[in-house]
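Encoded as structure tokens, the structure appears first; notes follow it.
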Amino acid sequence: MPIDVLSAGLSTTVQDLGRPGYYHLGIPIGGAMDRYALRAANLLVGNPEDAACLEAVFLGPELAFSEDAVVAVTGAELPPKVDGETRETWTSFRIRAGQVLSFDYIRDGARSCIAVAGGIDTPPALGSRSTYAIGALGGFEGRAIQSGDRLPVGRADVSVAEGRTVSEKMRRNSGSPCELRVVTGLYWHRITEEAGGQFFEDTWKVASEADRMGYRFQGGRPLEFVDREPPFGAGSDPSNITDACYPYGSIQVPGGTEPIVLHRDAVSGGGYFMIGTVISADMDLIGQLQPHTDTRFLQVDMETALAARQERASMLDAIRQRLS
Amino acid sequence: MSSRYSFGGDEHVFVEVSEEMSLEAFFKALSMTNAVRDAEISGVTEICPANASFQIKFDPDVIRPDDLLTELRRLEDIADRAEATLDTRIVEIPVYYRDPWTHETLMRFRERHQDPESTDIEFAARINGYSSVDDFIAAHSGAPWFVSMVGFVSGLPFLYQMVDRARQIQVPKYLRPRTDTPRLTVGYGGCFSCIYSVRGAGGYQMFGITPMPIYDPDQETSYLREFMVFFRPGDIVKWRQIDRDEYDGCTADVQAGRYTPRIRDVVFSLEDFNRDIDGTNARLEETLYAD
């Protein structure tokens with residue numbers, strides 16, 4: 092049962108939970124920026140949680156269905172419409188053969204996850220259907236979808252009821268200012284104590300360069316470095332290091348001016364120092380930030396990071412219990 | 059050499075073997091990552107060696123971060139006592155230096171360069187004290203190189219030359235990164251050479267281009283059918299200068315599916331190397347071209 096792409100939206104890609112295991116070769120995990128939204132969308136339409144969905148950014152696609160389908164849209168508040176009639180987000184709904192799924196303008200967040208019962212069935216690459224566009228790998232021909240594409244859909248195992256929903260308290264909103272919790276470390280010692288304090292005091296804004304590779308932030312004060320003799324191989328700038336691996340969520344600050352948080356399609360390494368890492372529980376939130384969103388970084392310790400991770404896992408368990 | 063351990067959030071351990079680049083640091087990082095792989099620690103999901111450091115990604119629901127640290131420190135003790143030898147391979151990579159495609163690209167981005175009046179390779183030759191670009195190319199394609207890290211983007215190798223520090227080539231990166239770099243550009247930044255596996259942004263100086271693809275997600279290239287990424291950390295590379303005719307010939311061979319990279323298995327001993335650098339390199343080259 093293929094889906095015909097009438098218009099593609101801004102950048103709509105096939106994503107699942109990603110391809111771990113190849114980061115040491117520069118191939119990032121990829122997958123949905125908001126993994127909770129992807130899991131929820133799949134649960135709503137009766138898919139395995141890791142089935143491939145479409146991830147739309149800011150602007151939804153227009154999709155023509157040639158057979159009946161059950162669909163759910165989660166993540167950003169990007170209201171779906173069936174033949175022009177609005178449907179709820181975070182709620183499964185039916186589309187009849189011949190109907191068109193389109194979207195209203197975005198109200199909140201940045202990325203929507205569009206799940207179809209049966210899952211998007213493009214051929215997996217290295218164990219995943221996620222699109223890694225830089226490496227022309229996975230997804231639909233290794234790229235964002237375009238009008239004229241026909242997306243294959245897997246056979247749905249179960250006929251799922253429409254109207255299944257994830258209650259509002261089980262959704263997560265980025266809030267304003269958005270707070271991102273950070274465990275400091277890595278090359279934190281490269282900046283002065285004062286600069287470290289300042290980083291957490293300042294309110295930053297999401298810059299326009301914000302994509303699947305990473306989110307850049309602006310508006311805070313520049314960070315002052317501790318003096319040093321550049322180590323051999325690092326380069327002369329105080330923000331340079333001997334090229335090393337970058338953790339997902341790590342915060343590099345080239346030249347000490349604009350922090351960049353690496354996300355699912357991260358470059359796996361490079362020569363810029365990092366001051367810490369956004370905790371795993373807050374990575375999904377970043378994928379929902381629009382440009383200019385006020386953002387504060389909050390210093391936390393490992394125990395807090397692990398507790399937050401548990402809290403996220405319990406939320407997921409709760410919707411699993413309700414929906415499976 | 060005692061390593062510095064730091065957590066990258068709740069899912070990564072970052073281990074800096076040394077702040078500065080050296081073959082010793084690279085070797086220790088590589089042998090530690092091999093030890094971690096062999097130890098099959100449950101909860102470890104990614105093991106990424108880098109130039110003078112490495113990174114482990116783990117699932118904290120399976121292994122407590124502190125328990126993983128303890129285990130890594132134990133493996134460091136073992137790695138410190140291990141003999142620094144490596145079963146690896148040496149690969150010849152043909153390079154067309156001063157090619158028209160990287161030249162066209164570097165001319166488009168002159169205003170982002172330290173020395174807009176020179177080409178990248180002229181600039182690199184001059185600041186490294188070579189009297190001509192030919193001499194510089196002779197040095198770059200002379201002694202072999204270690205693939206000290208694979209990453210940044212899909213399958214891109216960082217390479218570190220197997221010479222003493224006095225003979226290391228060093229160049230700064232572009233003042234501002236380019237938005238374009240031809241696929242298979244042979245680049246240079248800091249003390250590292252690289253091959254751009256895909257077209258895209260980049261900040262390394264551009265010296266030439268290789269006709270030999272090193273990443274193929276479609277796995278159609280004859281020698282990339284088994285796996286789409288060519289390089290592994292620990293590979294040894296010998297550049298060989300080629301001209302336009304040979305470049306075109308190699309490109310045609312690649313397209314026709316009959317290009318076979320010259321690859322030989324070798325055993326590398328860091329101790330032997332440190333005792334006699336030029337002799338070790340000469341023997342590596344002999345093995346590469348023995349038949």
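These protein sequence lines are chains A and Z, in that order. Add 91 to a position in the first sequence, counting from 1, and you land on the number used in my numbering. Add 58 to a position in the second sequence, counting from 1, and you land on the number used in my numbering. In this text, a Cβ means the ideal position worked out from N, Cα and C, and glycines have one as well.
- Among the residues facing chain Z, Y114 (chain A) is included, as its CB has a counterpart in that chain under 8 Å away.
- Secondary structure of K115 (chain Z) (DSSP, three-state): strand.
- Contact note: V369 (chain A) reaches chain Z through G67, using a C-beta cutoff of 9 Å and chain order.
- Judged by DSSP secondary structure, T160 (chain Z) falls within the alpha helix (DSSP H) whose first and last residues are 158-166.
- In the structure shown, D311 (chain Z) falls within a helical segment according to DSSP collapsed to helix, strand and coil.
- V312 (chain Z) has a beta carbon lying at 8 Å or more from every beta carbon in chain A.
- Interface criterion not met: the Cβ of V325 (chain Z) is under 8 Å from no Cβ in chain A.
- A142 (chain Z) is a Cβ neighbour of S327 (chain Z), given a cutoff of 8 Å.
- DSSP, read as helix, strand or coil, puts A357 (chain A) in coil.
- Nearest Cα to C269 (chain A) within the set A:I377, A:G122, A:L129: A:I377.
- Neighbourhood of E78 (chain Z) in chain A, by CB distance below 8 Å: P322, F323, G324, A325, T333, in chain order.
- Around the beta carbon of S102 (chain A), a 10 Å sphere encloses 16 or more other beta carbons of the protein chains shown; the residue is thus reported as buried.
- Per DSSP, the unbroken beta strand (DSSP E) holding E270 (chain A) starts and ends at 269-275.
- Between the C-alpha atoms of L242 (chain A) and G229 (chain A) there is a straight-line separation of about 13 Å.
- Cβ neighbours of D274 (chain Z) within its own chain (closer than 6 Å, five residues either side excluded): L282, M286.
- Under the criterion of beta carbons closer than 8 Å, A235 (chain A) and G200 (chain A) do not qualify as touching, at roughly 19 Å.
- At least 8 Å separates the CB of L127 (chain Z) from every CB of chain A.
- Listed along chain Z is no residue with a C-beta nearer than 8 Å to that of P170 (chain A); the closest approach is about 34 Å.
- Linking R303 (chain A) to T283 (chain A) through their CA atoms gives a straight-line distance of about 31 Å.
- In the structure shown, the three-state DSSP call for R333 (chain Z) is helix.
- The closest CA to that of T256 (chain A), considering only A:F184, A:V317, A:Q190, is found on A:F184.
- At a cut-off of 8 Å between beta carbons, C336 (chain A) contacts chain Z.
- In this chain, N92 (chain Z) is not harboured by any beta strand (DSSP E); it is covered by the alpha helix (DSSP H) spanning 81-97.
- When secondary structure is reduced to three states using DSSP, K260 (chain A) falls in the helix class.
- With contacts defined by Cβ atoms closer than 8 Å, I294 (chain Z) and V256 (chain Z) do not form a contacting pair.
- Comparing C-alpha distances from L346 (chain Z) to each of Z:R320, Z:H70, Z:D330, Z:D336 shows the shortest one belongs to Z:R320.
- Distances from the alpha-carbon of T268 (chain Z) to those of Z:D238, Z:G248, Z:D301 put Z:D301 closest.
- Between M374 (chain A) and Y278 (chain A), the C-beta spacing is not below 8 Å.
- Of all residues in the region 226-257 of chain A, those with a C-beta nearer than 9 Å to a C-beta of chain Z are G226, A227, L228, G229, G233, reading in chain order.
- In this structure the region 161-179 of chain A lies against the region 191-206 of chain A, because at least three pairs of beta carbons, one per stretch, are closer than 8 Å.
- Under the 8 Å criterion on CB atoms, E150 (chain Z) is classed as non-interfacial with respect to chain A.
- Annotation: the continuous beta strand (DSSP E) that includes N331 (chain A) extends over 331-336.
- Cβ-Cβ separation between S111 (chain Z) and E74 (chain Z): approximately 4 Å, consistent with a contact (criterion under 8 Å).
- Within the same chain, and ignoring the five residues on either side of G347 (chain A) in sequence, the residues whose Cβ sits closer than 8 Å to its Cβ are I282, A286, P313, L314, E315, F316, P329, S330.
- The C-beta distance from T333 (chain A) to G310 (chain A) rounds to 30 Å, too long to meet the 8 Å contact threshold.
- Taking 8 Å as the CB threshold, M207 (chain Z) lines the interface with chain A.
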